[in-house]
Amino acid sequence: GAVVSQHPSRVICKSGTSVKIECRSLDFQATTMFWYRQFPKQSLMLMATSNEGSKATYEQGVEKDKFLINHASLTLSTLTVTSAHPEDSSFYICSAYRAVNTEAFFGQGTRLTVV
Amino acid sequence: GENVEQHPSTLSVQEGDSAVIKCTYSDSASNYFPWYKQELGKRPQLIIDIRSNVGEKKDQRIAVTLNKTAKHFSLHITETQPEDSAVYFCAASMSTGNQFYFGTGTSLTVIP
Numbered sequence: 001g002a003v004v005s006q007h008p009s010r011v012i013c014k015s016g017t018s019v020k021i022e023c024r025s026l027d028f029q030a031t032t033m034f035w036y037r038q039f040p041k042q043s044l045m046l047m048a049t050s051n052e053g054s055k056a057t058y059e060q061g062v063e064k065d066k067f068l069i070n071h072a073s074l075t076l077s078t079l080t081v082t083s084a085h086p087e088d089s090s091f092y093i094c095s096a097y098r099a100v101n102t103e104a105f106f107g108q109g110t111r112l113t114v115v
Numbered sequence: 116g117e118n119v120e121q122h123p124s125t126l127s128v129q130e131g132d133s134a135v136i137k138c139t140y141s142d143s144a145s146n147y148f149p150w151y152k153q154e155l156g157k158r159p160q161l162i163i164d165i166r167s168n169v170g171e172k173k174d175q176r177i178a179v180t181l182n183k184t185a186k187h188f189s190l191h192i193t194e195t196q197p198e199d200s201a202v203y204f205c206a207a208s209m210s211t212g213n214q215f216y217f218g219t220g221t222s223l224t225v226i227p
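Line by line, the protein sequences give chains A and B.
Read in this note's numbering, the first sequence has 43 at position 43, and its numbers run on one by one without any break.
Numbers given in this note's numbering equal positions in the second sequence, counted from 1, plus 115.
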């Protein structure tokens, strides 16, 4: 399968600071990337859909000013958690959509802990 | 938008038995249905998928069936092994790629 790299895999930050998470498709161009949040033992909750060169589409209940998404190129999307609070602590995971076969491949996820 | 429901949420089977996980979807325009396996702390991995032009697909011990009329699809794992224990997610998508929605997940435990 295709390779999607997400960085960092773990991050601990202080409350009030911002954290940027990168999602890269290494061997294919991804016009669409998805960002998910996952709580322990729960499903993947779609936060937003990111399309290259345009504004992200956020799911209902997701604060766009808090979770900034940028999809500046066909291989890179970033999620910035602004003014992080302990309740933002979670597992964030991206997936990149490969249009050729209509498949999505996941990054390895980022464990965010806000202290 | 699309709504994907998945059942059961937890499933325990004896090693060697079969496991079946079912999903339903709401949008008849969805035409791609992948299944992912997620082990604890790891990324979901695609294990099998099916497109709307076929009714069944098999890969060794894993098979997926699709009923477009009823808008449901199922994952079948035969001769289960302890290493099959994981959380399984179904998803529904359209070829445009603008939507990729997941079911709520099934935690499968295979008891040795």
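Beta carbons are placed, not taken as given, at the ideal position from N, Cα and C, and that holds for glycine.
query	result
Helix, strand or coil for PRO149/B? Go by DSSP, reduced to three states.	strand
If you drop the 5 nearest sequence neighbours on each side, which residues of the same chain put their C-beta closer than 7 Å to that of GLU59/A?	LEU46, MET47 and ALA48
In terms of residue numbering, what span does the beta strand (DSSP E) encompassing ASN182/B cover?	177-182
Given 8 Å as the limit, is there contact between the segment 95-105 of chain A and the segment 27-40 of chain A, that is, 3 or more CB pairs closer than that?	yes
For GLU130/B, collect the residues of the same chain with a Cβ closer than 8 Å to its Cβ; drop the 5 residues on either side in sequence, then sort them by chain order.	THR195, GLN196, PRO197, VAL225, ILE226 and PRO227
According to DSSP, what are the bridge partners of ASN51/A?	THR32/A
Would you kindly report the start and end of the unbroken beta strand (DSSP E) that includes ASN70/A?	67-73
Which of the three DSSP states, helix, strand or coil, is assigned to GLU198/B?	helix
Distance check for VAL62/A and ILE162/B, CA to CA, integer angstroms please.	30 Å
So, is the C-beta of LEU223/B closer than 9 Å to a C-beta in chain A?	no
Name the residues in the segment 195-209 of chain B whose C-beta lies less than 7 Å from a C-beta of chain A; which are they?	PHE204 and SER208
Is the segment 117-133 of chain B in contact with the segment 13-30 of chain A, if contact means three or more CB pairs nearer than 8 Å?	no
For a quick check, are the C-beta atoms of TYR118/B and SER141/B less than 9 Å apart?	The sequence shown places Asn at residue 118/B, not Tyr. Taking 9 Å as the Cβ cut-off, ASN118/B and SER141/B qualify as a contacting pair.
Excluding the 5 residues preceding and the 5 following GLY218/B in the sequence, name in chain order all residues of the same chain whose CB lies nearer than 8 Å to its CB.	VAL119, GLU120, GLN121, CYS138, PHE204, CYS205 and ALA206
Give me the chain B residues within the contact set of PHE106/A, using Cβ-Cβ distance strictly less than 7 Å, ordered along the chain.	ARG158 and PRO159
What separation, rounded to the nearest whole angstrom, lies between the Cα atoms of GLY220/B and ALA2/A?	23 Å
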